[in-house]
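Novice:
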Amino acid sequence: MLRQLCQAIHYLHEKNTVHLDIKANNILIDDDDNILLSDFGFSRVLPNKHVEIFVELGTEYYRAPETYSDERVNPFKVDMYAFGMTCWTIVMKTRPSKVDFLDIIRTSLGVPYIY
1 MLRQLCQAIH YLHEKNTVHL DIKANNILID DDDNILLSDF GFSRVLPNKH VEIFVELGTE
61 YYRAPETYSD ERVNPFKVDM YAFGMTCWTI VMKTRPSKVD FLDIIRTSLG VPYIY
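Quick note: the sequence shown uses full-length UniProt numbering, first residue 1, plus one each step.
1) Would DSSP call Tyr115 helix, strand or coil?
2) Note the first and the last residue of the continuous alpha helix (DSSP H) segment covering Leu20.
3) For the beta strand (DSSP E) that contains Ile27, what are its first and last residues?
4) Enumerate in chain order the residues of its own chain whose CB-to-CB distance from Ala64 is below 6 angstroms, with the five nearest sequence positions on each side excluded.
5) Buried or exposed: where does Gly58 fall if 16 or more other Cβ atoms within 10 Å of its Cβ makes it buried?
6) Could you pull out every residue in the same chain whose Cβ sits closer than 8 angstroms to the Cβ of Gln4, ignoring the five residues on either side in sequence?
7) Using the three-state DSSP reduction, which class does Val51 fall into: helix, strand or coil?
8) Keeping to the same chain, check which residues put their C-beta closer than 6 angstroms to that of Glu66; ignore five residues upstream and five downstream.
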């Protein structure tokens, strides 16, 4: 399953496309157990792999820490971080808790909470 997801992301990245919302809820499984990546609402086609953009989208638990800053980031790396968090979620059968994850990121980056 995770291998197919990795292949899907690799295919997108080879086409200079980033998903920007990779998460367990956006993975579909067909009748033949094939993995399909869904919800391309935040995705973008970029001119090359070296472009850095502002990324303020994505699902909180799966967002790369650097996306909480006010700086441009490599969106391909953002996808790979989300892939890693998705793998963690699938293997552990739960998402990381806010206390264990988001508080640590925000504290280390000095990013305030938005209510």
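Note that the Cβ used here is the ideal one computed from N, Cα and C, for glycine as well.
Specialist: Put simply:
1) The residue given as residue 115 occupies position 115 in the sequence shown. Below a pLDDT of 50, predicted positions are generally treated as unreliable, and Tyr115, at 48, falls in that range; the measurement from the model is reported next regardless. The answer is coil: DSSP assigns Tyr115 none of H, G, I, E or B.
2) For this step, residue 20 is matched to residue 20 along the sequence shown. From DSSP, Leu20 is part of no alpha helix (DSSP H); its letter is neither H nor E.
3) Reading the sequence shown from its first residue, position 27 is the one you call residue 27. Start and end: 27 to 29.
4) Position 64 of the sequence shown holds residue 64. Same-chain partners within the cutoff: Val78, Tyr81.
5) Counting from 1 along the sequence shown, the entry for residue 58 is found at position 58. So Gly58 ends up on the buried side.
6) Position 4 of the sequence shown, counting from 1, holds the residue named residue 4. Excluding residues within five positions, the ones whose Cβ falls inside 8 angstroms are Asn34, Ile35.
7) On the sequence shown, residue 51 is found 51 positions in, with the first residue counted as 1. In the structure shown, Val51 sits in coil (DSSP, three-state: anything other than H, G, I, E or B).
8) Within the sequence shown, numbered from 1, the residue matching residue 66 stands at position 66. Within the same chain, Glu66 has close Cβ partners Val73.
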